[in-house]
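Number of protein chains: 2
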Amino acid sequence: MELPQRVTIYEVGARDGLQNEEAIVPVEVKAEFLGRLADAGLTTIEATSFVHPKWVPQLADAARLLEITERRPGVNYPVLVPNERGLDRALESGVEEIAIFGSATETFARKNLNRSMDEQYAMFAPTVERALAAGLRVRAYLSMCFGDPWEGAVPVGQVVAAGRRLLEMGCYQLSLGDTIGVGTAGHVQELIAAFGGPSRLAVHFHDTYGQALANTLAALQSGVTTVDASAGGLGGCPYAESATGNLATEDLVWMLDGLGIEHGVDLDALVTTSVWMAERLGRPSPSRVVTARSPK
Amino acid sequence: MELPQRVTIYEVGARDGLQNEEAIVPVEVKAEFLGRLADAGLTTIEATSFVHPKWVPQLADAARLLEITERRPGVNYPVLVPNERGLDRALESGVEEIAIFGSATETFARKNLNRSMDEQYAMFAPTVERALAAGLRVRAYLSMCFGDPWEGAVPVGQVVAAGRRLLEMGCYQLSLGDTIGVGTAGHVQELIAAFGGPSRLAVHFHDTYGQALANTLAALQSGVTTVDASAGGLGGCPYAESATGNLATEDLVWMLDGLGIEHGVDLDALVTTSVWMAERLGRPSPSRVVTARSPK
């Protein structure tokens, strides 16, 4: 089995996780969470989102969170930014990396961004341009890369075309999102091949259909070296269809350890952190590793 | 990705699933369950166990279940049998296939069978010999093929030696069990290679650490064409460490469908069956696909 020697875990629990939890977590708890994730060895930790608080009230405290969070040397704290207004707020908070989020389908672009696909590029282009001019790194997410709840299976060529538009703006990385979790391993490898290989690609899988880790293995076999994951599986509950169902970082780390792939994360410290956060949210973590390793 | 064209799903929900559920299910419900599994297209359905009822009270109704179950043409209904006494009972019930269950480690042989590894072979040998003489097919399970709670990591050579002993008795298939779910994809491929390839091997993964489906993908890539799985993930609850955590048949079927691998199972009928059984057990199915596809 051909596999990379080292993988970068792009930790999304504090943003993609908490924005999909019902509970609104106090800003001090979020700051402690970010500190614990860094203590556990994670070096890329998406901190929050500058989407308008009307849409994501869970992360309305973005500026305050960045103000009170001690940012560690050697750790990246990207933040989600939808547009120029969000970029302004992110710049005021002194961020060094932003992430934009596009859609691979017309329907989801309308539903999530209230724009056509062409209009989403028009919104992102000046945002990315200004961010790069300010010396920021810019990452791009692409949603609905495998299936779309309204459009069904999404053609690989359509995903590649949309992803290239974002990369050509100057994004350093494109994270291919299986937003509804329907993709399977062969589809993953087909999509990566259609991009001409893994260069500048990351993967972002949801476990809605139980496929997230198998799909990750397929992506690693295709040479991908950045994997998005959420500490404790934050943002998803196995008993709710509406769940985002992010791949749990601990389950990923367990597999990487077994495969002898370096990642830099201390599993015990991460499990302790996820147990701590689960207590704050008042429900158990859906991560299998966290469940198996939790003190009883 | 090199993959088999067709996979046989060896359905263990009625036996391995129900024997690990707290609730004791009425025999009529079990019979209906077996009928529904066959209706859904499963052709190998482990029905029950002739282990002494003292050890597995959940399946004390084995003889009665086989008496009232309509056995469909073209469907195999293997039953678990530990020894000659169990074989006698199975023969009285007119079974055509039995499964024996050995351990790859000394400690688990002692804990599960109250025997040393050598003594387990001595127990199985006359059982298998008599079963074969009676025209039955015999399958062998091998437990603790990856890790053991008392002994830690289990050396591949030790597993191969134990597995060969069972195959040499005349078992048509050896199911490699990751009883505590700690194995990862590379270990799976290493073990299959150590057996000299996938011939006569099946795999039996538990999702305790979230690895079951990724490990299955790795086994398919190594050429394995029989995969054990449990309808609705019966026998495991994601919120309990003690959970067996069998791979859910539905999650496996979703992956096989995506990979274009034939299996003969009607996913919708299977999900309906697992929802029905979850209602009887009074708790939701841990299968992600069942959760995503359940009527709300």
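These protein sequence lines map, in sequence, to chains C and Z.
Residue numbers 1 to 296, in UniProt numbering, belong to the letters of the first sequence in order.
Residue numbers 1 to 296, in UniProt numbering, belong to the letters of the second sequence in order.
Every residue, glycine too, gets a C-beta built ideally from N, C-alpha and C.
Chain order gives the chain Z residues near V289 (chain C) as Y209 and G210, where near means a beta carbon separation below 7 Å.
If you check the CB distance, Q211 (chain C) and G177 (chain C) do not come in under 8 Å.
Secondary structure of A278 (chain Z) (DSSP, three-state): helix. The straight-line gap separating the alpha-carbon atoms of D251 (chain C) and T208 (chain Z) is approximately 10 Å. Against chain Z, the CB of H263 (chain C) has no partner CB under 8 Å away; the residue lies outside that interface. One alpha carbon belongs to A162 (chain C), the other to A194 (chain Z), and they sit about 45 Å apart. Listed in chain order, the positions of the segment 40-66 of chain Z with a beta carbon within less than 9 Å of a beta carbon of chain C would be empty, since no residue qualifies. Under the Cβ criterion of 8 Å, D268 (chain C) is not counted among the residues facing chain Z.
DSSP, reduced to helix, strand and coil, places E151 (chain Z) outside both helices and strands of the structure shown, so it counts as coil.
Per DSSP, reduced to three states, the secondary structure at I45 (chain Z) is strand. Less than 8 Å divides the Cβ of A47 (chain C) from the Cβ of R15 (chain C). Bridge pairing for T226 (chain C): C:T8 [DSSP]. DSSP, read as helix, strand or coil, puts N246 (chain Z) in strand. Within 8 Å of the CB of T184 (chain C), the CB atoms of chain Z belong to W254, M255, D257, G258 and L259, in sequence order along the chain.
The segment 221-228 of chain Z makes no contact with the segment 24-36 of chain Z; the number of CB pairs closer than 8 Å stays below 3.
Contact check for A278 (chain Z) against E11 (chain Z) fails: the beta carbons are separated by 8 Å or more. Here A214 (chain Z) really is in contact with L213 (chain C); their C-beta atoms are around 4 Å apart, less than 8 Å.
For D178 (chain C), there is no enclosing alpha helix (DSSP H); the residue is part of the beta strand (DSSP E) that begins and ends at Q173 to D178. Annotated as distal: Y121 (chain C) and H204 (chain C), with beta-carbon spacing of 8 Å or more. Checking the DSSP bridge columns, you'll see F101 (chain Z) partnered with Z:Y141.
Within a 10 Å sphere around the beta-carbon of K54 (chain Z) sit fewer than 16 other beta-carbons, which makes this residue exposed. No Cβ of chain Z is located within less than 8 Å of the beta carbon of Q173 (chain C).
The beta carbon of T43 (chain C) sits closer than 7 Å to those of G74, V75, N76 and G264, all from its chain and outside the five residues before and after it, given in chain order. Boundaries of the alpha helix (DSSP H) around A162 (chain Z): V156 to E168. With distances taken between CA atoms, I68 (chain Z) lies nearest to Z:S93 out of Z:D88, Z:F50 and Z:S93.
Here F50 (chain Z) carries a coil assignment [DSSP, helix/strand/coil].
In the DSSP annotation of this structure, the continuous segment of the alpha helix (DSSP H) that includes H187 (chain Z) starts and ends at A185 to A194. Membership of A202 (chain C) in the beta strand (DSSP E) is indicated by the continuous run L201 to F205.
Within the segment 188-203 of chain Z, those residues whose Cβ lies closer than 8 Å to any Cβ of chain C are, in chain order, Q189. At a cut-off of 8 Å between C-beta atoms, L213 (chain C) counts as an interface residue with respect to chain Z. Rounded to whole angstroms, the separation of the alpha carbons of P26 (chain Z) and T291 (chain Z) is 24 Å.
Proximity to A269 (chain Z) across Z:I261, Z:Q5, Z:R283 and Z:P295 peaks at Z:P295, based on C-alpha coordinates. In this model, D39 (chain C) and D88 (chain C) are separated by some 30 Å (Cα to Cα). Burial check for E21 (chain C): the Cβ neighbour count within 10 Å reaches 16 or more, so the residue is buried. One thing to note: V79 (chain Z) has its Cβ within 8 Å of the Cβ of S49 (chain Z).
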